[in-house]
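There are 2 protein chains.
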Amino acid sequence: MDYLEVVFSLKSVIANNDTETFALVIRHAHPADIAAAIAKLNLEQQCRLLKLAEPAKRAEIFGYLSAELQVRIANAIGRKPLVELFLHMSADERADLYNDLPEDQRDTVLPALAQIEREDIRRLAAYPEDQVGSVMTSDYATLAPDLTAAAAIEELRRIAPDTETIYQAFVIDRNRRLIGTVSLRELIIAHAQSRIGDIMKPSPVAIKADAPREEAVQLISKYDLLALPVINGGDMLVGIVTYDDALDVEQQETSEDFHKVASVGALGKSLREASVWLLFRKRVFWLLLLVFGNLFSGAGIAFFEDTIAAYIALVFFLPLLIDSGGNAGSQAATLMVRALATGEIVLRDWAGMLLRELFVATLLGLSMAVAVSSLGLWRGGPEIAVVVAVSMQVIVITGSVIGMSLPFLLSKFKLDPATASAPLITSIADALGVIIYFTIATTMLDMSVLEMGV
Amino acid sequence: MDYLEVVFSLKSVIANNDTETFALVIRHAHPADIAAAIAKLNLEQQCRLLKLAEPAKRAEIFGYLSAELQVRIANAIGRKPLVELFLHMSADERADLYNDLPEDQRDTVLPALAQIEREDIRRLAAYPEDQVGSVMTSDYATLAPDLTAAAAIEELRRIAPDTETIYQAFVIDRNRRLIGTVSLRELIIAHAQSRIGDIMKPSPVAIKADAPREEAVQLISKYDLLALPVINGGDMLVGIVTYDDALDVEQQETSEDFHKVASVGALGKSLREASVWLLFRKRVFWLLLLVFGNLFSGAGIAFFEDTIAAYIALVFFLPLLIDSGGNAGSQAATLMVRALATGEIVLRDWAGMLLRELFVATLLGLSMAVAVSSLGLWRGGPEIAVVVAVSMQVIVITGSVIGMSLPFLLSKFKLDPATASAPLITSIADALGVIIYFTIATTMLDMSVLEMGV
């Protein structure tokens, strides 16, 4: 049953209070599709349909709804159903919802939960959004090293209904220190009486709870993990990050980087849900900064006003030359931003990348100088052609080196490299481009005037 | 044992032919780290170390090496070891290597393989790189619907060593048509004598082998799948895409989109490995196109040369105004490119997005008009201030609408929306900006001259 069939069926369920069709939908459709269909209804219908599902399924569907809709529904269903929902949600989704609820609702829900769940929610909800702790879950399987493979499989079977993944189990010592991992595949293949301590993978890949969440994604991707164990300062296991949460984080982080490179602030929600006002606020900052940053290129133009007045044909090439610096710089910056984000290059690669960039930019500058000099010849004669060709070469190299270095510099000062956005580089390249162009023009054209004996 | 320890240990293995240390590394280190350490050595050492590992482990480590290095080693180890490697590699990695090998080596390897493996390689290697078929594997578990849960677990245990994932099994009928999926978790929880047909999830999410590979990533992410079944035109199961391959595809596709938006062509390899010449070729196209695209803005400037000569202060605002159009346009374009790539918006959302963009761009234009008019007042007096303010408003709206619509237009004509790169939008915004600015300037300044009675 696909999404459109779900939408159609749910309409009939609402119209006719048709619980049989609803049971069919629950059995044959994916919770993600049911959630997407429910999101299209009004609040009263949403609450009514969710109430029809049994608690575990309800919590699963609820988990696929957007954060905003979750809060709206949590507000509407009343205290007792909300507590029941909390009990059945997965630990990480529950903590996220808790963080999104208004203060007064947190205070009504929390006391109704058992001590152990209260602590779990408080603990998971305490991590800042950019840290590993905020995307980890506490629904994982632990095993003792002296268990047999057969007993371990029995234990995994027992906890399977309430555990995020049973395919990867984590072996801990008496102090909850992580000492190994073992997969259900390995347990199944192993001899029934083998000890976990002998078949586990010792010294497993793990991450600290306060590490940046992108690093968890990088580790999961690099080592093809199903679940990455999260440890605290004392090497004690405190949670896991599962592959599906990693994929979500990867997509969110990537969207943010995309937006930053285009100088749009983090939206914090999907583009579809973003309001006019939110989009305005996230876009206006860099655009306004550019207006004032442009004072520098304006000052440059003002300084060279005499040269411009004398050779009005120079204006013809101005947009082209300064844009070229900005474009070459944005290319270089984006290549670095992405490679730094994926961990493909690190801070100390700067010198090597700079050397290569110098070669690349020289070649780019040469090609563009040849192209622009033919335009120069046509529009302003041989002197202008030489001026624009030389300017192009210098501007492209300057723009490229700045664009390439800026992400490293930002990263060095613990700032997000993606802040090296196209408008920022455009502003810098504009100001430098104006100065380079008109300095070269003034020098060369004055010289040629002198040579002509004036 | 982490990466640096592996590097250190392997050096000692090479120096002293120390096979005991090597066994220790194999047991305690992750194949990805061993591969990364091996990649740093010379070819002779690489071959020597790989030979020390037993065939299955060797193939696993080999699978983590870069495509280029794989080909180099395949060239060096000789025919028989290469055939052995092929036999132990996973089906998808094997097909990728086959595609990368030179013609003559393919011809030496293929005849040495069994009929069934030959066909499998030919089939997987036949899909174009952008289709789902190119990232799927044929190492998956199938079950018949009339099997019991206990028998199914036994079957999964039997095939576990050679199968990419046993956690998700695919239920097929006599004609290999996909009729359901069942997870190992469900099998373990189920009563031993339950039939697969009763516990499986019917009508599972699946994808056609010739669909774009990004769609597989979107499905895996949306439905939190471990493995996505791939079917042919007749609904027959032909392969699966696993979550870890999806994460790799996501990262590759994202890097390509990043590069495209910054007008860099697809590198086809990591930034670190890219040569000066490759980077030059991938960057020069759009930059050169911009040079010639600039003929249009140049023609605009030439057309208005008299106005410029009369009001040289107008030049001051030229870079700022045309850049603002380009920047606002790039913001809008990037937002759309990313949302189209993640499937968050689709082609038919254009009208709704356009309406919202008009509001956002009007607000942006107003803010920037206010900012630039203060500069205008300072540099050129009230007339110039009005001219630049009105121009800014019109240019920002024009740039935004074009930037926002271009990705939809490209998508409509089956082109990649990410081609709506910053330089492309800059070129268009430049030309339109020049025309808008000087048209408004000529009209308003002429009018004010008339009003003053000249």
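Just so you know, the sequences run in chain order A and B. If you read the first sequence in this note's numbering, its first letter stands for residue 1, the second for the next number, and so on. If you read the second sequence in this note's numbering, its first letter stands for residue 1, the second for the next number, and so on. Virtual Cβ for every residue (Gly too), placed ideally from N, Cα, C.
Taking a 10 Å sphere around the C-beta of I116 of chain B, we find fewer than 16 other C-beta atoms and assign the residue as exposed. Residue environment analysis places H259 of chain A among the buried positions, since at least 16 neighbouring C-beta atoms fall within 10 angstroms of its C-beta. Ranked by how close their Cα comes to the Cα of V360 of chain A, the residues A:D104, A:Y3, A:F303, A:T398 have A:T398 in first place. The Cβ-Cβ distance between V135 of chain A and D210 of chain A does not fall below 8 Å. When DSSP assignments are scanned along the segment 194-234 of chain A, the uninterrupted stretches of beta strand (DSSP E) that are 3 or more residues long and fall wholly within it turn out to be 227-231.
Going by beta carbons, E344 of chain B and R272 of chain A fall inside the 8 Å limit.
Sequence-ordered contacts of the segment 291-319 of chain B with chain A read V291, F292, N294, L295, S297, G298, I301, A302, E305, I308, A309, I312, V315, F316, F317, L318, P319 [C-beta pairs closer than 8 Å]. Spatial neighbours of F317 of chain A in its own chain (CB-CB distance under 6 Å, excluding positions within 5 residues in sequence) are listed in chain order as V388. Look at A29 of chain A here: in three-state DSSP terms it is coil, with no helix or strand label. M444 of chain A is outside the set of residues whose beta carbon lies under 8 Å from a beta carbon in chain B. Between L237 of chain A and V205 of chain A a beta carbon distance of about 13 Å is seen, past the 8 Å cut, so the two are scored as non-contacting. The beta carbon of D248 of chain B sits closer than 8 Å to some beta carbon of chain A. Under the DSSP definition of a beta bridge, A114 of chain A lacks any partner. In the three-state reduction of the DSSP assignment, V241 of chain A falls in the strand class, which pools E and B. In this structure, the beta-carbon distance from L410 of chain B to A420 of chain B falls below 8 Å.
Taking 8 Å as the threshold, the shortest C-beta distance from T21 of chain B to chain A does not fall below it. C-alpha of V370 of chain A to C-alpha of L377 of chain A: approximately 11 Å in a straight line. Setting aside the 5 residues that flank it on each side, G133 of chain B is surrounded in the same chain by Y127, A209, each with a C-beta closer than 6 Å to its C-beta; the list follows chain order.
Our two residues, T442 of chain A and V315 of chain A, have alpha carbons roughly 13 Å apart in a direct line. Of the residues assessed, T19 of chain B falls on the exposed side of the cut-off, its CB having fewer than 16 other CB atoms within 10 angstroms.
T181 of chain B sits away from A192 of chain B, with the two beta carbons spaced by 8 Å or more. Annotation: I435 of chain A to L295 of chain A spans about 13 Å, alpha carbon to alpha carbon. What Q193 of chain A touches in chain B, judged by beta-carbon distance under 9 Å, is nothing: the nearest beta carbon there is about 16 Å away.
Contact with chain B is absent for P128 of chain A, since none of that chain's Cβ atoms lies less than 8 Å from the residue's Cβ. Taking 8 Å as the CB threshold, F280 of chain A lines the interface with chain B. For the segment 178-203 of chain B, residues whose beta-carbon sits nearer than 7 Å to a beta-carbon of chain A comprise L184, R185, I188, I189, P202, S203. The beta carbon of V6 of chain A lies closer than 7 Å to those of V25, A29, D33, I34, A37 in the same chain, with the five residues before and after it left out. When rounded, the separation of the alpha-carbon atoms in F62 of chain A and S194 of chain B is 30 Å.
Annotation: F285 of chain A is outside any beta strand (DSSP E); the continuous alpha helix (DSSP H) that includes it extends over 276-303. E68 of chain B is classed as exposed because its beta carbon has fewer than 16 other beta carbons within 10 Å across all chains shown. The beta carbon of V109 of chain A sits closer than 8 Å to the beta carbons of R79, L82, V83, F86, Y98, L101 from its chain, once the five residues preceding and following it are set aside; these are given in chain order.
S12 of chain A and L41 of chain A have their C-alpha atoms spaced approximately 13 Å apart. When rounded, the separation of the alpha-carbon atoms in F8 of chain B and E164 of chain B is 31 Å.
Distance from the Cα of E186 of chain A is smallest, within the candidate group A:L178, A:R177, A:I196, A:I179, for A:I196.
In this structure, the CA atom of E44 of chain B is about 48 Å from the CA atom of V291 of chain B. For the segment 159-170 of chain B, the set of residues with a beta-carbon nearer than 7 Å to any beta-carbon of chain A comprises A160, P161, I166, Y167, in chain order.
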